[in-house]
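One rule links them: number in the numbering used here = place in the sequence shown (from 1) + 12.
For every residue, glycine included, the Cβ atom is placed at its ideal position computed from N, Cα and C.
Structure record follows, encoded as structure tokens.
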Amino acid sequence: MSAGEPVVFPPGFLWGAATAAHQIEGAAAERLPSVWDTFAAVPGKVLGGDTGEVAADHFHRWREDVRLMAELGLGSYRFSVSWPRVLAVGTGFYERLVDALLEAGIVPCLTLYHWDLPQHLEDRGGWPERETAYAFAEYAATVAGALGDRVRLWTTLNEPWCSAFLGYASGVHAPGRTSPADSLRAAHHLNLAHGLAAAELPAGARVGIALNPSAVRPLTESAADLDAARRIDALANRVFTGPLLHGGYPADLLADTAALTDWSFVRPGDEGLIAGRPLDFLGVNYYTPAVVSALPEGAEGPRADGHGASAHSPWPAADGVAFHQPPGERTAMGWSIDPTGLYDLLERFAAEAPGLPLMVTENGAAFGPELEDPERIAYLRSHLAAVHRAIAAGVPVEGYYLWSLMDNYEWSYGYSKRFGIVHVDYGTQVRTPRASAHWYARVARGGVLPPV
Ligand code: FCB
13 MSAGEPVVFP PGFLWGAATA AHQIEGAAAE RLPSVWDTFA AVPGKVLGGD TGEVAADHFH
73 RWREDVRLMA ELGLGSYRFS VSWPRVLAVG TGFYERLVDA LLEAGIVPCL TLYHWDLPQH
133 LEDRGGWPER ETAYAFAEYA ATVAGALGDR VRLWTTLNEP WCSAFLGYAS GVHAPGRTSP
193 ADSLRAAHHL NLAHGLAAAE LPAGARVGIA LNPSAVRPLT ESAADLDAAR RIDALANRVF
253 TGPLLHGGYP ADLLADTAAL TDWSFVRPGD EGLIAGRPLD FLGVNYYTPA VVSALPEGAE
313 GPRADGHGAS AHSPWPAADG VAFHQPPGER TAMGWSIDPT GLYDLLERFA AEAPGLPLMV
373 TENGAAFGPE LEDPERIAYL RSHLAAVHRA IAAGVPVEGY YLWSLMDNYE WSYGYSKRFG
433 IVHVDYGTQV RTPRASAHWY ARVARGGVLP PV
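What follows is the structure, given as structure tokens:
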């Protein structure tokens, strides 16, 4: 294909946009408290002290939001269900939402967990405790009972890496704990939660998980830098893909972390519980690559790994690893823009799990508040071109969910970062599509990337 030619996607490719409950719904009084409510109430944890109490008020404005999606010609919508809301008021809100989506011809893609652990479960120990995985399976069964007849696409967990390592090691995410050993326990119990929940979902459903695999690259080809990349690959990627796809935790991960834990929290039979229901698709969330090197003995490592400032590393037992910011353009998050990272991940999973369908479950960029957002269009275009290249190389990518449908609560950055193709005025809650929304609507309708 030569430059300037339109890039045509296969028929049936799913064009979607994604959001998450805590980031858009608001209506905090109509759910139990979650760890993010508690965390945001601690001064200094979230920029500006912002909370998810109101957010984009989607809980009250969902009809308007579904209309907007229909106007944009979206083929699918990936949203998450709030566990603390289901416990408080049941599944009615999500039933109405799903019915409206189906009526508008939009395929619902339901995520069971996007980080909003009910606070009372954290009070009992949270993800480092095995019981949390069983509580999650019970909740999954409730949602499956209510929506299993209407929702075909499910993802269990969103980015369990963030839940485990930002939540329990670096502490930049809720619940803000800083124990490397607990973060590894959390990772295992999240894997277990995935498996136990998957077993509760309807037989005909397609079940996936949305990981945020790291496109990790060594700074140089030196043996020490290659080893740094291997360590981070184990902690970012293989801690999940090991048990999900290959029957267990990789030996090098167990060896690297041996000073922190003997992994005895992995009980006999857990591998079978985690992978008992094989994935129907793997969700890949991608924003930016990671460039790593070995640190000279005793040196302090740069912590520019893009996951927020903390005195504690999110990488247990990887003190000898430094993170580097590649040169070139960045988004408002400071994340470098590099679509080859997405291509590399898609190609990797196609090789690692032949025949397993892939979905890009998140990809997008934060820029300024303006309605004219040519940088975002350029970001989306270059990443969609990478997806197309992967498909042309034989990688079975079935869909793409842009992050995000609308501006929302960006976790510890509060409302300061805007990822939406739709602008939200938080004073009036007025939604206004940006130029990127109009651009994406054209792409989604035609299945074609227009020439630059
Ligand atoms: C991902 C999260 C999503 C959003 C984007 C920017 O890690 O899944 O909720 O915060 O990053």
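Report the option in the options whose CA atom is closest to the CA atom of residue i.
| i | options | result |
| --- | --- | --- |
| V455 | Y413, D437, W423, E422 | Y413 |
| L159 | S195, T373, L169, L122 | L122 |
| M468 | R289, G216, H319, P225 | The chain is shown only over 13 to 464; residue 468 falls outside these bounds and no answer can be derived. |
| A39 | G87, P96, E76 | P96 |
| A156 | K429, R279, Y106 | Y106 |
| P18 | A397, R430, A235 | A397 |
| L129 | S195, G458, L44 | L44 |
| F91 | G216, A222, A215 | A222 |
| A311 | G332, A323, D239 | G332 |
| L383 | P172, A53, Q131, P445 | P445 |
| L285 | R75, A53, H200 | H200 |
| P351 | A248, H400, W48 | H400 |
| A112 | T167, L124, Q131, S88 | S88 |
Return yes when at least one heavy atom of ligand 1 lies under 8 Å from the C-beta of residue i, else no.
| i | result |
| --- | --- |
| W27 | no |
| H395 | no |
| E171 | yes |
| W415 | yes |
| A32 | yes |
| E422 | yes |
| G188 | no |
| F252 | no |
| W127 | yes |
| E37 | no |
| A378 | yes |
| F71 | no |
| L143 | According to the sequence as given, residue 143 is Glu; it is not Leu. The answer is no for E143. |
| E374 | yes |
| Y299 | yes |
| F431 | yes |
| C174 | yes |
| N224 | yes |
Quick one: measure Cβ to Cβ for residue i and residue j, integer angstroms, because I've assumed they're closer than 8 Å.
| i | j | result |
| --- | --- | --- |
| A198 | T50 | Between T50 and A198 the Cβ distance is about 17 Å, and since that is not below 8 Å, they are no contact. |
| R393 | L461 | 6 Å |
| W127 | S175 | 6 Å |
| S424 | K57 | 7 Å |
| A287 | P262 | At roughly 14 Å, the Cβ-Cβ gap does not stay under 8 Å, so A287 and P262 are not in contact. |
| L196 | L169 | That pair is no contact at about 16 Å. |
| E42 | V101 | 6 Å |
| E341 | I349 | 5 Å |
| S94 | E37 | 6 Å |
| G376 | V20 | 22 Å between Cβ atoms; not a contact. |
| K429 | A378 | 4 Å |
Would a C-beta distance cut-off of 9 Å place residue i and residue j closer than the cut-off?
| i | j | result |
| --- | --- | --- |
| Y298 | L368 | no |
| P120 | R73 | no |
| G28 | A227 | no |
| G60 | G426 | yes |
| S182 | P55 | no |
| V303 | R229 | yes |
| A306 | P386 | no |
| Y452 | A68 | no |
| P214 | D161 | yes |
| A362 | G406 | yes |
| P6 | F71 | Residue 6 is absent from the model: the chain starts at 13 and stops at 464. |
| A329 | D274 | no |
| A152 | E212 | yes |
| G220 | M371 | yes |
| P381 | H435 | yes |
| W166 | R218 | yes |
| A402 | V184 | no |
Does chain C have any CB closer than 9 Å to the CB of residue i?
| i | result |
| --- | --- |
| A267 | The structure shown contains no chain C; it is built from a single protein chain. |
* Asked: Is the region 206-213 touching the region 144-158, taking contact as three or more C-beta pairs under 8 Å?
  -> With the rule of 3 Cβ pairs closer than 8 Å, the region 206-213 counts as touching the region 144-158.
* So does the region 439-454 actually touch the region 104-118, counting three or more Cβ pairs closer than 8 Å? -> No: fewer than three Cβ pairs fall under 8 Å.
* the region 336-353 / the region 243-251 touching (three or more Cβ pairs under 8 Å) -> Taking 8 Å as the limit for Cβ pairs, the verdict is that the region 243-251 does not touch the region 336-353.
* **Contact between the region 129-136 and the region 77-85 (3+ Cβ pairs under 8 Å)** => Between the region 129-136 and the region 77-85, the count of Cβ pairs shorter than 8 Å is below three; the stretches do not touch.
* Any chance the region 62-72 sits against the region 33-47, with 3 or more Cβ pairs inside 8 Å? -> Contact between the region 62-72 and the region 33-47 is present, with at least three C-beta pairs closer than 8 Å.
* Counting Cβ pairs, one atom from each stretch, are 3 or more of them under 8 Å apart for the region 18-26 and the region 401-413? -> These segments touch.
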